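Peer 1: If you're matching them up, the sequences are chains A and B in order.
Residues in the first sequence are numbered from 67 upward in steps of one, following our numbering.
Residues in the second sequence are numbered from 198 upward in steps of one, following our numbering.
Ideal placement from N, C-alpha and C gives every residue a C-beta, glycine not left out.
All values reported here derive from a predicted model rather than from experimental measurement.
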Amino acid sequence: MAAQAHILLLLAWHFALLSLFAVGGGVSMLIPQLHQEFVLQYRLLDERSFTELLAVSQAAPGPNFLLIPLIGFRVASWPGAAVSMVAFLVFPVTITFFIGRLLHQHENEWIARFRRGFRPVTGGLWIASGIVVAIATDHTLVPIALTIGIAVLALAIDISPLWWCVAAGVVGAVLA
Amino acid sequence: MLIGPISSGFTVGVTRADCITSGAYGANVSDSPKPSLLDLALGFMNIGLTSVGGAGGPLRYVIVKQRRWLSEGQFAELYGIAQALPGATAVNYAVMLSDRFAGPLGPLAALAGLIIPSLLLAIALAGIASQLAAVNARFAAAEIGVTAAVAGIFVSNGIRLIAQIWRGTPDVRVAWRAARLAISALGVVLVAGLHMFIPFAMLVLISLSMIVETRLRGVANEA
Numbered sequence: 067m068a069a070q071a072h073i074l075l076l077l078a079w080h081f082a083l084l085s086l087f088a089v090g091g092g093v094s095m096l097i098p099q100l101h102q103e104f105v106l107q108y109r110l111l112d113e114r115s116f117t118e119l120l121a122v123s124q125a126a127p128g129p130n131f132l133l134i135p136l137i138g139f140r141v142a143s144w145p146g147a148a149v150s151m152v153a154f155l156v157f158p159v160t161i162t163f164f165i166g167r168l169l170h171q172h173e174n175e176w177i178a179r180f181r182r183g184f185r186p187v188t189g190g191l192w193i194a195s196g197i198v199v200a201i202a203t204d205h206t207l208v209p210i211a212l213t214i215g216i217a218v219l220a221l222a223i224d225i226s227p228l229w230w231c232v233a234a235g236v237v238g239a240v241l242a
Numbered sequence: 198m199l200i201g202p203i204s205s206g207f208t209v210g211v212t213r214a215d216c217i218t219s220g221a222y223g224a225n226v227s228d229s230p231k232p233s234l235l236d237l238a239l240g241f242m243n244i245g246l247t248s249v250g251g252a253g254g255p256l257r258y259v260i261v262k263q264r265r266w267l268s269e270g271q272f273a274e275l276y277g278i279a280q281a282l283p284g285a286t287a288v289n290y291a292v293m294l295s296d297r298f299a300g301p302l303g304p305l306a307a308l309a310g311l312i313i314p315s316l317l318l319a320i321a322l323a324g325i326a327s328q329l330a331a332v333n334a335r336f337a338a339a340e341i342g343v344t345a346a347v348a349g350i351f352v353s354n355g356i357r358l359i360a361q362i363w364r365g366t367p368d369v370r371v372a373w374r375a376a377r378l379a380i381s382a383l384g385v386v387l388v389a390g391l392h393m394f395i396p397f398a399m400l401v402l403i404s405l406s407m408i409v410e411t412r413l414r415g416v417a418n419e420a
């Protein structure tokens, strides 16, 4: 019981803090941090669970931030999912609610500059997320080839990421 | 798959033009009745259940084309703000839009619609995936394939964004464009190479980036 409460507190604190840094590129930018904390540091998830939840959050319908309550559910069942979701939403929703009302009446020059400034940061952190996920997952030749191949192909062919996930799943299963 | 528009049956002589009154929003607003709480919940449920790999496309489709709550220009402006604030873009968008249409209860209805159905579905799928992977080697291999694809997609999204930044301002001197590129590269090194605490890395990177953008503005003004 005490252990359960401890884990819920840990989920709440980590997701509330991380939510403030999901700017510009969403949860995808935070994946190295999630991996570092939940897999390497606290060992609440093994590598396989982490990559499985990441795959589900990307390939299933729904906003990508569902990775957060999915981690919460895997670690501490329904209370974990609820605590994670609320913790990840409470600060951004509050901030957005009030800033949204404020900006409604004002010019948005600062927002524009801030967004421009964030773009190179987002680009770099997305690539970093890809590298961290690849290092965690790609232990054999097939996934290594899939990661590199899809990174190149997706640059040339701009389709919904779902199709790349489906294609890679089929290739993985056939070559197994 | 997409849920059709539902008439609200709730008209009190207030149009969307009244809800969205700032200068930028004043033009090009149609006069259909503003959405009720149920409309908001159903509209955002539709967005949640049709989002795969980013909610931007479904947001625009439902809000601009299907339900005609906003014009293209209004949609894009609010989207920019939603992206610049902390938190998930779809969540921020839902909060701001539904507050303007329905007051403080609006965000509750919209977020419930956006999150709860797709979260229940995702939890069910994750459970099925984990059980299948435990007993079936081919499914486990497929799962690894999907994750490998996700890694590749992240890398290609990052490269595409950086290429857009580079190409987007051909009038700016190469040295300044290279400075932006260096910020992206530093991000890769700090996070993937040195495993720096991401909030800290982001503070460093955004500070550098804002210095570059502010300087760039100065250069542009002098020219």
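(1) By a C-beta neighbour count over all protein chains shown, 10 Å radius and 16 as the cutoff for buried, is L77 of chain A buried or exposed?
(2) Using DSSP with H/G/I as helix, E/B as strand and the rest coil, what is P283 of chain B?
(3) What would DSSP say about P396 of chain B, mapped onto helix, strand or coil?
(4) Tell me which same chain residues have a C-beta within less than 7 Å of the C-beta of A326 of chain B, skipping the five on either side of it?
(5) Within the same chain, show all residues whose beta-carbon is closer than 8 Å to that of I278 of chain B, passing over the 5 residues directly before and after it, in chain order.
(6) According to the Cβ coordinates, are S406 of chain B and P158 of chain A closer than 8 Å?
(7) Using beta carbons (cut-off 8 Å, strictly below), is M242 of chain B in contact with chain A?
(8) Mapping DSSP to helix, strand and coil, what is P367 of chain B?
(9) So, does the segment 342-358 of chain B touch the segment 266-283 of chain B, judging by three or more C-beta pairs under 8 Å?
(10) Counting beta carbon pairs with one atom in the segment 93-100 of chain A and one in the segment 193-203 of chain A, are three or more of them shorter than 8 Å?
(11) Which two residues bound the contiguous alpha helix (DSSP H) that contains E113 of chain A?
(12) Can you pull the chain B residues whose beta carbon is under 8 Å from the beta carbon of W230 of chain A, in chain order?
(13) Could you list the residues in the segment 126-138 of chain A with a C-beta less than 8 Å from some C-beta on chain B, going in chain order?
(14) Report yes if the C-beta distance between A211 of chain A and A334 of chain B is below 8 Å; otherwise report no.
(15) Taking the CB atoms as reference points, tell me whether G166 of chain A and D236 of chain B lie closer together than 8 Å.
(16) How is P255 of chain B classed by DSSP in three states: helix, strand or coil?
(17) Go to L237 of chain B, then tell me how far its alpha helix (DSSP H) extends in each direction, as first and last residue.
(18) Give a yes or no on whether the minimum CB-CB distance between G189 of chain A and chain B is below 8 Å.
(19) Count the other C-beta atoms from every protein chain shown that fall within 10 angstroms of the C-beta of I225 of chain A, then say buried if there are 16 or more, exposed otherwise.
(20) What is the C-beta distance between F191 of chain A and V388 of chain B, in whole angstroms, given that I count them as a contact (C-beta under 8 Å)?
(21) Quick check on the burial criterion: 16 or more other C-beta atoms within 10 angstroms. Buried or exposed for W266 of chain B?
Peer 2: On the basis of the data shown:
(1) buried
(2) coil
(3) helix
(4) E340
(5) N289, M293
(6) no
(7) no
(8) coil
(9) no
(10) yes
(11) 113-125
(12) A346, G349, I350
(13) A126, P127, G128, P129, N130, F131, L132, P135, L136
(14) no
(15) no
(16) helix
(17) 234-247
(18) yes
(19) exposed
(20) Correcting the residue type first, residue 191 of chain A is Leu in the shown sequence and not Phe. Their Cβ separation, rounded to whole angstroms, is 6 Å, which keeps L191 of chain A and V388 of chain B in contact under 8 Å.
(21) buried
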